[in-house]
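Everything on this sheet refers to the single structure shown next.
This is how it looks when you write it as structure tokens:
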């Protein structure tokens, strides 16, 4: 099992540019979650999907953020336009629906300059 | 009130001693409780889950849950330098897992 795969591992971009983060969940997992981690705010849940359907996006900070899950094996988180305050580590996690903990990907460290 | 609260630390514990990490949560409807370990620059890793009141032991780790007090704890026996990390408490209701900011644990050799 390859685990949850995220790309890229690191992203440096200029303010105003579009950023797309990618995630491949563990095969068979039907729930997918996007988190953002900063020193100040810790791990924040941005959005999660069940069976490819967005269930709760109340954590998405503003309209500049959007997420899609076109199929069971792929999800994207897009920031357009990016701002320096978006700099953080973005994690994707997946699990089988039910009382199980998540499995996290390695994360994408985003720096907006 | 924050949903999941932890002391940020750092908590310094001598090697071989017991490390005790604590967490409180605000949502009485929370159903599942987790402890994650996160090494610097790495992703969180699940180390314990607990769903009912009482203790659950796994090797050197013991998770304790008291739903009436809305309190979760993690004990690490025979602490090793490799246990030095940030420990994240997490609680789940339905599908969502909410994390605390974590407690930094430092094991002194």
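Protein chains in written order, with my numbering: chain A, 152 to 264; chain B, 29 to 137. Where a beta carbon is used, it is the ideal one built from N, C-alpha and C, also for glycine.
| task | Could you name the residues of chain A that residue 72 of chain B contacts, counting a contact when the two beta carbons are closer than 7 Å? | result | Against the second chain, residue 72 of chain B aligns to sequence position 44. Going along chain A in sequence order, the residues near residue 72 of chain B (Cβ under 7 Å) are 255.
| task | Over the uninterrupted beta strand (DSSP E) stretch that includes residue 260 of chain A, give me the two end residues. | result | Residue 260 of chain A sits at position 109 when you count from the first residue of the first chain. From DSSP, the beta strand (DSSP E) with residue 260 of chain A extends over 259 to 263.
| field | Length-filtered (3 minimum) beta strand (DSSP E) runs lying within the stretch 207 to 247 of chain A | value | 216 to 222, 225 to 230 and 239 to 246
| said: Looking at residue 256 of chain A: is its Cβ nearer than 9 Å to the Cβ of residue 188 of chain A? | reply: In the first chain, the residue the question calls residue 256 of chain A occupies position 105. In the first chain, the residue the question calls residue 188 of chain A occupies position 37. Contact flag unset, no.
| message | With a threshold of 8 Å, are at least 3 pairs of Cβ atoms found where one atom belongs to the stretch 42 to 50 of chain B and the other to the stretch 99 to 107 of chain B? | response | yes
| field | Reduced DSSP category for residue 77 of chain B - H, G, I as helix; E, B as strand; rest coil | value | Taking the second chain and counting its residues from 1, the one referred to as residue 77 of chain B is at position 49. In this structure, residue 77 of chain B counts as strand in the three-state DSSP scheme.
| request: Give the straight-line distance between the Cα atoms of residue 67 of chain B and residue 243 of chain A, rounded to the nearest whole angstrom. | output: Along the second chain, read from residue 1 onward, the residue named residue 67 of chain B stands at position 39. Along the first chain, read from residue 1 onward, the residue named residue 243 of chain A stands at position 92. Distance between the alpha carbons of residue 67 of chain B and residue 243 of chain A: 17 Å.
| field | Helix, strand or coil at residue 109 of chain B [DSSP, three-state] | value | As a first step, residue 109 of chain B is located in the second chain; it is residue number 81 there, counting from the start. If DSSP states are grouped into helix, strand and coil, residue 109 of chain B belongs with the helices.
| Name the chain B residues that come within less than 8 Å of residue 201 of chain A, Cβ to Cβ? | Taking the first chain and counting its residues from 1, one reaches residue 201 of chain A at position 50. Residues of chain B passing the Cβ test: 123.
| query | Skipping 5 residues on each side, what residues in its chain have a beta carbon closer than 7 Å to that of residue 75 of chain B? | reply | Along the second chain, one-based indexing puts residue 75 of chain B at 47. For residue 75 of chain B, where only same-chain residues beyond five positions count, the Cβ hits under 7 Å are 63, 64, 65 and 89.
| field | Contacting positions in the stretch 103 to 135 of chain B - beta carbon closer than 8 Å to chain A | value | 116, 118, 120, 123, 124, 125, 126, 127, 128, 129 and 130
| message | For residue 200 of chain A and residue 137 of chain B, what's the separation of their Cα atoms in angstroms? | response | The residue labelled residue 200 of chain A in the question sits at position 49 within the first chain. The residue labelled residue 137 of chain B in the question sits at position 109 within the second chain. Cα to Cα, residue 200 of chain A sits roughly 44 Å from residue 137 of chain B.
| Which residues mark the beginning and the end of the beta strand (DSSP E) in which residue 175 of chain A is found? | Counting from one through the first chain, the residue named residue 175 of chain A turns up at place 24. 170 to 175 is the extent of the beta strand (DSSP E) around residue 175 of chain A.
| From residue 37 of chain B to residue 224 of chain A, what does the alpha carbon distance come to, in whole angstroms? | Taking the second chain and counting its residues from 1, the one referred to as residue 37 of chain B is at position 9. Taking the first chain and counting its residues from 1, the one referred to as residue 224 of chain A is at position 73. Going by the C-alpha atoms only, they are around 38 Å apart.
| request: Keeping to the same chain, check which residues put their C-beta closer than 8 Å to that of residue 166 of chain A; ignore five residues upstream and five downstream. | output: If you number the first chain from 1, residue 166 of chain A lands on position 15. These residues qualify, in order along the chain: 232, 233, 234, 235, 263 and 264.
| field | Partners in chain B for residue 248 of chain A, counting only beta-carbon separations shorter than 8 Å | value | The residue you call residue 248 of chain A lines up with position 97 of the first chain. The answer, in chain order, is 123.
| Neighbour-count burial assignment, residue 56 of chain B, 16 or more Cβ in a 10 Å radius | Taking the first residue of the second chain as 1, we reach residue 56 of chain B at position 28. The residue is exposed, with fewer than 16 neighbouring Cβ atoms inside 10 Å.
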